[in-house]
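Asks: Submitted below is the structure of interest, expressed as structure tokens.
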Amino acid sequence: MSEVRSPMAGLVVKVATAVGAELNIGNTVVVLESMKLEIPVETTSSGRVVEIKVTEGDFVEEANVLVVLE
Amino acid sequence: MGDRQDRVRSTQAKVKKGGPEKGHKKQSDADKLFVRDRLKLFFDQGEIRTEYGMLARNWSEELAADGVVCGSGEIAGRSVFFTASDYTVKAGSIGQYHGEKLIRAQEAAIRARRPILYLIDSSGARIDETGGHHVDKRGAGQLFYYHSIMSGSVPQVGVLYGTCFAGTAYTPVFCDLLIMMHDSSMAIASPRMVEMVIGQKTSPDELGGAKMHAEVSGSAHFIAESESHAAEIVKKIFSYLPDNSEEKPARYPAEDPEVSPETLDDIIPPDANKPYSIQKLISAVVDRGSFLEVKEHYAKELTVGFARIKGQVVGIVANNPLYKGGAIFPESSDKGAEFVWLCDAYQIPLVYLVDTPGFMVGTQVERSAILKRGRKFIYATSSATVPRICVIVRKSYGAGIYAMSGPAYDPDITLALPSAEIAVMGPEAAINAVYFNQLAQIADPEERSKVTDELREQYKQGYDIFKLAGEMVVDELIDPSQMRNEISSYLELFAKKSIQLPPKRHSTII
């Protein structure tokens, strides 16, 4: 199990993956909007998506879990 | 050879063997070098140049040199004082003479106006000897006093080996630059003490491991993978630092950059949302292999480090859009302020590379004192009197540019690349803020979106860099391929810079 966490506080503007997707290191899972910028959030390990904790429009704090991989 | 001479030689030879066999075994079991072998890695020809206090406590067989080797050696031909704990002697603990040796080294470095290197491999105070004496007017209790008063006068560099808890853990953090061995740890109290006084169970690694201090607390500047790696980092560090605050860093022969300056413009994506590697941009500006990133694992949204441009030492302070959009956080404010302060103390000119959406906002950073810690970064930059060059690389929104030595913060020159955008805020946020009510009144979503786009476009034209160059907001808009040449020319021009700040004892900001 590994988790992809939010690097900083911001708004989820896009969820770029789906439950069941097989991901490699460096795949974008969520795009955040923060500080007037789009911040792509990438995986740092590979795995299958088992849970997506956010939907578009959610506000997330730094270090919140966005996606859980197995 | 006479008896007298022979006696000196044999005593010295005995001392040079260090502690008892069991002490050596402990050290080699922990995969650590004996202190005298360790020292060979640092100095020219592997030689200690001078040593004092070798015979300290020579009446105690097992307490060779009282557990610390002190003296001087040469690094690339320059003399450096050193203190180096000998873990084979009672776990490098600080006994009475050991403490005296440490502070004599500090006093000597202060008087001789030369740097000092601390190789720390010590279990702390030798409790059976120090009862109450740690507050003596003279003695080991003065260590941190001397660390404090010599700070900014002569460079202090440290390497931490093994575990280092309580008193001795302050020496590493008083160093201008600290290298932690990957398996070392330091904390204000040991896990055993922590459990005893607050009931928390923890390990040395969790409590104060190198990774924790490099990534989370920001107390370690470098992590070394081996003892020779640590020595290499130390030697490199000294290549950028002068002997003391009154001297300038040494010049080296110029080297071409690793990445061709011709490609510099292509490294920067036109869209301010798109990340790129600031390290790559730096390598198209500085001499090949000369960039030594400092605190590379901490607050990565700000990249700082030493480098050379055409042989001249500089401190680089750069927003890194690859992390957190290059926004400035409380942690990066501390990191920036400390690095700027270090460079200013040792006459190292500063080059700022600006690409930031500004200081981070929100409840989390307010609780972490973004205002107070951001102030420190702005303060350090404002009061740094070394030559300062500001290059606007790309986005520069809000107050972030103040900390980054923007035009209003008295840099010697502000250069802009054609990719530069200087504004109070980005176009999206600006239009939402200024025209919110007007836009809300437009019922048709398509029409609203069209008007929004038009307004954003208008707003963007207001901060077009050619317009800002025309209004002389920046001193010069430059050809990106010439960035290295331009910086180098300004470094030469301002090499003898002299400015006076208003009279005072010192600032009230810390």
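Protein sequences, first through last, are from chains A and B.
By the count of my numbering, the first sequence reaches residue 70 at its end, each step adding exactly one.
By the count of my numbering, the second sequence reaches residue 510 at its end, each step adding exactly one.
Note that CB positions come from ideal geometry on N, CA and C, so glycine has one too.
1) For R49 (chain B), tell me which candidate among B:I198, B:A76 and B:L33 has the shortest Cα-Cα distance.
2) Go ahead and pull the three-state DSSP assignment for N432 (chain B).
3) Does DSSP put S481 (chain B) in a helix, in a strand, or in coil?
4) Any C-beta of chain B within less than 8 Å: which residues of the region 29 to 52 of chain A qualify?
5) What residues from chain A crowd round Y463 (chain B), counting only those whose CB sits closer than 8 Å?
6) I392 (chain B) and A429 (chain B): beta carbons closer than 8 Å?
7) Check each residue of the region 425 to 443 of chain B: if its Cβ is closer than 9 Å to any Cβ of chain A, include it; give the result in chain order.
8) Could you tell me the alpha carbon to alpha carbon distance between N64 (chain A) and K497 (chain B), rounded to whole angstroms?
9) Can you check the region 39 to 101 of chain B for any beta strand (DSSP E) of at least 3 residues that lies completely inside it and give the ranges in chain order?
10) Taking the C-alpha atoms as reference points, what is the distance between G99 (chain B) and S79 (chain B)?
11) Of the residues B:E293, B:V386 and B:D29, which one's Cα is nearest the Cα of E246 (chain B)?
12) Taking 8 Å as the limit between beta carbons, can you name the residues of its chain near L501 (chain B), skipping five residues before and five after?
13) Could you give the residue range of the alpha helix (DSSP H) that holds Y146 (chain B)?
14) So the candidates are B:T163, B:I510, B:L39 and B:R456; which of them puts its Cα closest to the Cα of Y379 (chain B)?
15) Please identify the residue among B:M193, B:Q438, B:F34 and B:A284 whose C-alpha is closest to the C-alpha of D265 (chain B).
16) State the DSSP-derived secondary structure class of G374 (chain B), mapped to helix, strand or coil.
17) For a test of the three-state rule: what should DSSP assign to G124 (chain B), helix, strand or coil?
18) Rounded to whole angstroms, what's the CA-CA distance from K36 (chain A) to P407 (chain B)? Just pull it up for me.
19) Secondary structure at Y397 (chain B), three-state DSSP: helix, strand or coil?
20) So, helix, strand or coil for C164 (chain B), using DSSP?
21) Taking T163 (chain B) as the reference, which of B:A187, B:I179 and B:I149 has the closest Cα?
22) Counting contacts by CB-CB distance shorter than 8 Å, is M1 (chain A) in contact with chain B?
23) Please list the terminal residues of the continuous alpha helix (DSSP H) segment that includes S239 (chain B).
24) Within 8 Å (strictly less), CB to CB, does G325 (chain B) reach chain A?
25) Could you pull the DSSP bridge partners for R388 (chain B) from this structure?
26) For the region 1 to 22 of chain A, which residues have a CB atom closer than 8 Å to at least one CB atom of chain B, in sequence order?
27) Could you pull out every residue in the same chain whose Cβ sits closer than 8 Å to the Cβ of Y170 (chain B), ignoring the five residues on either side in sequence?
28) Spatial neighbours of V304 (chain B) within its chain, please: CB distance less than 6 Å, with the 5 preceding and 5 following residues excluded, ordered by chain position.
29) Any C-beta of chain A sitting closer than 8 Å to the C-beta of G362 (chain B)?
30) So, does the region 461 to 476 of chain B touch the region 347 to 363 of chain B, judging by three or more C-beta pairs under 8 Å?
31) CB-CB under 8 Å to D205 (chain B), same chain, minus the five flanking residues each way: which ones, in chain order?
32) Leaving aside the five residues before and after V15 (chain B) along the sequence, list all residues of the same chain whose C-beta is less than 6 Å from its C-beta, in chain order.
33) Do three or more CB pairs link the region 345 to 352 of chain B to the region 312 to 326 of chain B at distances below 8 Å?
34) Near I233 (chain B), what residues of its chain come up, given a Cβ to Cβ distance below 7 Å and the 5 sequence neighbours on each side ignored?
35) Do G139 (chain B) and V89 (chain B) have their C-beta atoms closer together than 8 Å?
36) Examine chain B for any beta-carbon lying closer than 8 Å to the beta-carbon of E56 (chain A), and answer yes or no.
Replies: In brief:
1) If you number the second sequence from 1, residue 49 (chain B) lands on position 49. Answer by Cα proximity: B:A76.
2) Locating residue 432 (chain B) in the second sequence gives position 432, where the first residue counts as 1. Three-state result, N432 (chain B): helix.
3) To locate residue 481 (chain B), count along the second sequence from 1; it is residue 481. Three-state DSSP puts S481 (chain B) in a helix.
4) S34, M35, K36, L37, E38, I39 and P40
5) Along the second sequence, one-based indexing puts residue 463 (chain B) at 463. By Cβ distance, chain A contributes nothing, its closest Cβ being about 13 Å from Y463 (chain B), past 8 Å.
6) Residue 392 (chain B) sits at position 392 when you count from the first residue of the second sequence. Residue 429 (chain B) sits at position 429 when you count from the first residue of the second sequence. For I392 (chain B) and A429 (chain B), no; Cβs fall outside 8 Å.
7) M425, G426, P427, E428, A429 and A430
8) Residue 64 (chain A) sits at position 64 when you count from the first residue of the first sequence. Residue 497 (chain B) sits at position 497 when you count from the first residue of the second sequence. Distance between the alpha carbons of N64 (chain A) and K497 (chain B) is about 48 Å.
9) Complete beta strand (DSSP E) runs here, min 3: 48 to 52, 68 to 75 and 78 to 85.
10) Here residue 99 (chain B) corresponds to residue number 99 of the second sequence, with the count starting at 1. Here residue 79 (chain B) corresponds to residue number 79 of the second sequence, with the count starting at 1. Each residue's alpha carbon lies about 23 Å from the other.
11) In the second sequence, the residue the question calls residue 246 (chain B) occupies position 246. Among B:E293, B:V386 and B:D29, the Cα nearest to that of E246 (chain B) is on B:V386.
12) The sequence position of residue 501 (chain B) within the second sequence is 501, counting from 1. S383 and T385, listed in sequence order.
13) The sequence position of residue 146 (chain B) within the second sequence is 146, counting from 1. Unbroken alpha helix (DSSP H) run through Y146 (chain B): L143 to M150.
14) Sequence index remark: in the second sequence, residue 379 (chain B) carries index 379 (1-based). Comparing Cα positions, the closest option is B:I510.
15) Within the second sequence, residue 265 (chain B) is the residue found at index 265, counting from 1. Minimum Cα distance to D265 (chain B) is reached at B:A284.
16) Translated into the one-based positions of the second sequence, residue 374 (chain B) becomes position 374. If DSSP states are grouped into helix, strand and coil, G374 (chain B) belongs with the helices.
17) Start at 1 with the first residue of the second sequence, and residue 124 (chain B) comes out as number 124. In this structure, G124 (chain B) counts as coil in the three-state DSSP scheme.
18) Translated into the one-based positions of the first sequence, residue 36 (chain A) becomes position 36. Translated into the one-based positions of the second sequence, residue 407 (chain B) becomes position 407. In a straight line, the C-alpha of K36 (chain A) is about 23 Å away from that of P407 (chain B).
19) Stepping through the second sequence from its first residue, residue 397 (chain B) is reached at position 397. The answer is strand: DSSP assigns Y397 (chain B) an E or B state.
20) Along the second sequence, one-based indexing puts residue 164 (chain B) at 164. Three-state result, C164 (chain B): strand.
21) Here residue 163 (chain B) refers to the residue found at position 163 when the second sequence is read from its first residue. The candidate whose alpha carbon is nearest that of T163 (chain B) is B:A187.
22) Counting from one through the first sequence, the residue named residue 1 (chain A) turns up at place 1. It does not; no Cβ of chain B falls within 8 Å.
23) Along the second sequence, one-based indexing puts residue 239 (chain B) at 239. First-last of the alpha helix (DSSP H) with S239 (chain B): E227 to Y240.
24) Here residue 325 (chain B) is taken as the residue at index 325 of the second sequence, counted from 1. True, the Cβ-Cβ gap to chain A drops below 8 Å.
25) Residue 388 (chain B) sits at position 388 when you count from the first residue of the second sequence. Beta-bridge pairing links R388 (chain B) to B:L350.
26) P7, M8 and A9
27) What you label residue 170 (chain B) is simply residue 170 of the second sequence in a count that begins at 1. Here the set comprises L143, F144 and H147.
28) The residue given as residue 304 (chain B) occupies position 304 in the second sequence. When the five nearest sequence neighbours on each side are left out, the beta carbons in the same chain lying within less than 6 Å of the beta carbon of V304 (chain B) are those of V294, V317 and F339, in order along the chain.
29) Mapped onto the second sequence, residue 362 (chain B) falls at position 362. Chain A contact via Cβ: present.
30) no
31) The sequence position of residue 205 (chain B) within the second sequence is 205, counting from 1. Once the five neighbours on either side are set aside, the close Cβ partners of D205 (chain B) are S185, K211 and M212.
32) For the purposes of this step, residue 15 (chain B) is taken as residue 15 along the second sequence, with counting starting at 1. Contacts found: M54, A64 and A65.
33) yes
34) Residue 233 (chain B) sits at position 233 when you count from the first residue of the second sequence. I179, F222 and A224.
35) In the second sequence, the residue the question calls residue 139 (chain B) occupies position 139. In the second sequence, the residue the question calls residue 89 (chain B) occupies position 89. Result no, Cβ atoms of G139 (chain B) and V89 (chain B) do not sit closer than 8 Å.
36) As a first step, residue 56 (chain A) must be located in the first sequence, where it is residue number 56. No, its Cβ sits nowhere closer than 8 Å to a Cβ of chain B.
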